[in-house]
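Engineer:
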Amino acid sequence: MKIFIACSKYFYHRIPEIKKELENQGHKISLPNSYNEPFKEDKLKGTPEHVKWKSQMMKKDKKNIAPNDAILVLNFEKKGIPNYIGGATFLEIYKAWELEKKIFIFNNFPKCSFTDELKGFNPTILNGNLGLLK
């Protein structure tokens, strides 16, 4: 299966190990938009270029997700918030749902303002078990 990984930039350090495990299972992996420059947005905040950059990242979602069979959302604790999913990742999940891709979430749903919407996408919750990706 071809899988697009989506997550907060604060979880990018977890991707290599997960990517390796998935590739060992025979999957092909696509990485997040800003994987090679995870903190570029932080450098741009407060500048006119920030809005342009953010818009470009969101426009890439369809192009990046469409060739894949599924999206895997990595959601871990961030700043005391268990199973964190941020706005940009939520939009990637929505795009995958819109494109009728399989949606896998690594850990359980976060408790947040859009938990009901996440549930409405009817994802498969892996509870950390990558062997459930099918």
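Every letter in the sequence shown is one number past the one before it in numbering that gives the first Met the number 0, and letter 58, counting from 1, is 57. Cβ coordinates follow ideal geometry from the N, Cα and C atoms, glycine included. Keep in mind the model is a prediction, meaning the values are calculated, not measured.
1. By the DSSP assignment, the beta strand (DSSP E) with Ser-29 in it spans what residues?
2. Please tell me whether Asp-68 and Lys-101 are closer than 9 Å, where the distance is taken between their beta carbons.
3. Is DSSP giving Ile-92 helix, strand or coil here?
4. Taking Ile-104 as part of the beta strand (DSSP E), name the residues at either end of that continuous run.
5. Spell out the partners DSSP gives Thr-123 in its beta bridges.
6. Please tell me whether Leu-73 and Ile-14 are closer than 9 Å, where the distance is taken between their beta carbons.
7. Between the beta-carbon of Ser-197 and the beta-carbon of Ile-84, is there less than 9 Å?
8. May I ask which residues mark the beginning and end of the beta strand (DSSP E) holding Lys-1?
9. Kindly indicate which residue of Lys-39, His-12, Leu-125, Glu-16 has the alpha-carbon position closest to the one of Leu-71.
10. Would the beta-carbon of Asn-128 fall within 9 Å of that of Pro-109?
11. Taking the continuous alpha helix (DSSP H) assigned at Ile-14, which residues delimit it?
12. Around the C-beta of Thr-114, are 16 or more other C-beta atoms found within 10 angstroms, so that it is buried, or is it exposed?
Structural biologist: To lay it out plainly:
1. Where Ser-29 is concerned, the enclosing beta strand (DSSP E) stretches over 27-29.
2. Contact flag set, yes.
3. Ile-92 sits in a helix when the DSSP states are folded into three classes.
4. Note, Ile-104: beta strand (DSSP E), 101-104.
5. The partner list for Thr-123 (beta bridge, DSSP) reads Phe-103.
6. Contact: yes.
7. Since the first residue of the chain shown is 0 and the last is 133, residue 197 is not available in this structure.
8. 1-6 is the extent of the beta strand (DSSP E) around Lys-1.
9. That would be Leu-125, whose Cα lies nearest to the Cα of Leu-71.
10. With contacts defined as CB atoms closer than 9 Å, Asn-128 and Pro-109 fail to qualify as a contacting pair.
11. Per DSSP, Ile-14 belongs to the alpha helix (DSSP H) from 14-23.
12. The residue in question, Thr-114, is exposed, as its Cβ has fewer than 16 Cβ neighbours within 10 Å.
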